[in-house]
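Asker: Under the working numbering, the first residue of the sequence shown is numbered 783, with each subsequent residue one higher.
Once you've had a glance at the structure underneath, I'll fire off some questions.
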Amino acid sequence: MPSTKIFAQLLLGLAACMMAPYTAAEDAPAIPRAAELAPGQDPASRQRQPNTKSEPIWKQLAAATWVADGKADAPRVVYTFSDPNCPYCQRFSEAARPWVDAGKVQLRHLLIGLISPSSSTKAAAILTAPDSTAALRENERHFRRGGILAAADVPQAIRSRLDQNRDLMASLGFRGTPGILYLDDAGQLQRLNGLPRAGAWERILGRK
C-alpha cells in the first residue's frame, strides 16, 4: 500500500482529472504485477524495444494487469492508467483510435477505480467480461450515456488487482488519469500525465 501522503496526493490528482488535462512527460519507475495476456498473445519481434535503462521497467509494465486494445503485433505499445469514469481517458482512447484500428498501436489499459463509486464496479464488469477488450470499447462508445453497465459487486480477486494497479500508479508518481507510458525513438521510457497536447500525439503514437 502507498503511504497516506502518496495516497492523498493520488486522490487529489484524480479529482484534478476533471479540470487539468495536461502535464509534462518524464521518465518513470514501476512495480511488478502478474500478467494477463489476450489468448495467443506473444511479444512481437517488430515492436519498438526498450533500451537497456528502460528494459526492466518495461518488463514490469508488461507484467501488470491490463486490457489490450489493438493488435498484439502492433509496432508500438502504449500503457495507460485508466478509470472507466475518466472523461480524459475516454478522449485519449477516442483520439488514438485511428492508430489502433490501423494496427500501428496497441493500447494497454491498467484499470483503476477511484473517481467515483461506480469506477470499481465498471472496471470489474470489464475485467470479468468474456471479452474484456470488447467490454472496454463498449464503455468508451457509450461513455456519454453512462458507459458500460456496472457489475453488481467487485469480486475480491478483481478488487485486489484494482488495488495493485492503484498502488502502481501511485508509485509512478501519476497524479491524474490518464497516466500514459510509452517508448520514444531511442527506446527510452517516457511518461505523460493527462491528455496529450496537439503536438504530442505523433511522438507517442507515431505517424498515422
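Just so it is clear, CB atoms sit at the ideal spot from N, CA and C, and this is done for glycine as well.
Please return the same chain residues whose Cβ sits closer than 6 angstroms to the Cβ of R858, not counting the five positions on each side in sequence.
Answerer: By one-based count along the sequence shown, residue 858 stands at place 76. R830, V887 and G988.
Asker: Output the distance between the C-alpha atoms of T847 and L892, rounded to the nearest integer angstrom.
Answerer: Against the sequence shown, residue 847 aligns to sequence position 65. Against the sequence shown, residue 892 aligns to sequence position 110. The straight-line gap from Cα to Cα measures roughly 6 angstroms.
Asker: Exposed or buried, P937, counting other C-beta atoms within 10 Å across all chains shown (16 or more means buried)?
Answerer: What you label residue 937 is simply residue 155 of the sequence shown in a count that begins at 1. Flag for P937 reads exposed.
Asker: Over the uninterrupted alpha helix (DSSP H) stretch that includes L896, give me the two end residues.
Answerer: The residue given as residue 896 occupies position 114 in the sequence shown. First-last for L896: undefined, no H or E at that position.
Asker: Whole angstroms is fine: what's the gap from L918's alpha carbon to D967's?
Answerer: Indexing the sequence shown from 1 puts residue 918 at position 136. Indexing the sequence shown from 1 puts residue 967 at position 185. Their Cα atoms are separated by approximately 29 angstroms.
Asker: Measuring CB to CB, does A932 end up less than 8 angstroms from A907?
Answerer: For the purposes of this step, residue 932 is taken as residue 150 along the sequence shown, with counting starting at 1. For the purposes of this step, residue 907 is taken as residue 125 along the sequence shown, with counting starting at 1. Yes.
Asker: Which value, in whole angstroms, describes the spacing of the CA atoms of E984 and K904?
Answerer: Taking the sequence shown and counting its residues from 1, the one referred to as residue 984 is at position 202. Taking the sequence shown and counting its residues from 1, the one referred to as residue 904 is at position 122. So the alpha carbons of these two residues sit roughly 30 angstroms apart.
Asker: Can you tell me whether S901 is buried or exposed? The criterion is at least 16 other CB atoms within 10 Å of its CB, across all chains shown.
Answerer: As a working mapping, residue 901 is identified with position 119 in the sequence shown. It is buried - the Cβ of S901 has at least 16 other Cβ atoms within 10 Å.
Asker: Can you tell me whether S864 is helix, strand or coil according to DSSP?
Answerer: Position 82 of the sequence shown, counting from 1, holds the residue named residue 864. It is a strand residue.
Asker: What does the Cβ neighbour count give for T834, buried or exposed, with the cut at 16 atoms within 10 Å?
Answerer: Here residue 834 is taken as the residue at index 52 of the sequence shown, counted from 1. Exposed, because fewer than 16 other Cβ atoms sit within 10 Å of the Cβ of T834.
Asker: Is the region 875-890 close to the region 850-866, with three or more CB pairs under 8 angstroms?
Answerer: At 8 angstroms Cβ cutoff, the stretches touch.
Asker: Taking a contact to mean a Cβ-Cβ separation below 8 angstroms, would you say L974 touches S836 in this structure?
Answerer: Reading the sequence shown from its first residue, position 192 is the one you call residue 974. Reading the sequence shown from its first residue, position 54 is the one you call residue 836. Not a contact, by the Cβ cut-off of 8 angstroms.
Asker: Reducing DSSP to helix, strand and coil, say where I940 ends up.
Answerer: Stepping through the sequence shown from its first residue, residue 940 is reached at position 158. The answer is helix: DSSP assigns I940 an H, G or I state.
Asker: Considering only C-alpha positions, which residue in the set R926, K841 and I940 is nearest to G895?
Answerer: Reading the sequence shown from its first residue, position 113 is the one you call residue 895. Considering only alpha carbons, the answer is I940.
Asker: Specify the secondary structure class of Q970 as computed by DSSP and reduced to three states.
Answerer: Taking the first residue of the sequence shown as 1, we reach residue 970 at position 188. It is coil, neither helix nor strand.
Asker: Which residues in the same chain as Y861 place their Cβ atom closer than 6 angstroms to its Cβ, once the five residues preceding and following it in sequence are excluded?
Answerer: Residue 861 sits at position 79 when you count from the first residue of the sequence shown. Closer than 6 angstroms at the Cβ level, and outside the excluded window around Y861, lie L843, R890 and L963.
Asker: Pick from K990, C868 and P978: whose alpha carbon is nearest that of G928?
Answerer: Counting from 1 along the sequence shown, the entry for residue 928 is found at position 146. It is C868.
Asker: Kindly list the residues whose CB is nearer than 6 angstroms to the CB of E922, restricted to its own chain and excluding five residues on each side of it in sequence; keep chain order.
Answerer: Here residue 922 corresponds to residue number 140 of the sequence shown, with the count starting at 1. Cβ within range, chain order: Q872 and S875.
Asker: Would you kindly report the start and end of the unbroken beta strand (DSSP E) that includes I986?
Answerer: Taking the first residue of the sequence shown as 1, we reach residue 986 at position 204. Counting along the chain, I986 falls outside any beta strand (DSSP E), though it belongs to the alpha helix (DSSP H) covering W983 to L987.
Asker: Comparing alpha-carbon positions, which option in L965, I986, A850 and D865 lies nearest W840?
Answerer: Here residue 840 corresponds to residue number 58 of the sequence shown, with the count starting at 1. It is L965 whose Cα lies nearest to the Cα of W840.
Asker: Between which two residues does the alpha helix (DSSP H) harbouring L843 extend?
Answerer: Residue numbering aside, residue 843 sits at position 61 when the sequence shown is read from its first letter. Unbroken alpha helix (DSSP H) run through L843: E837 to A844.
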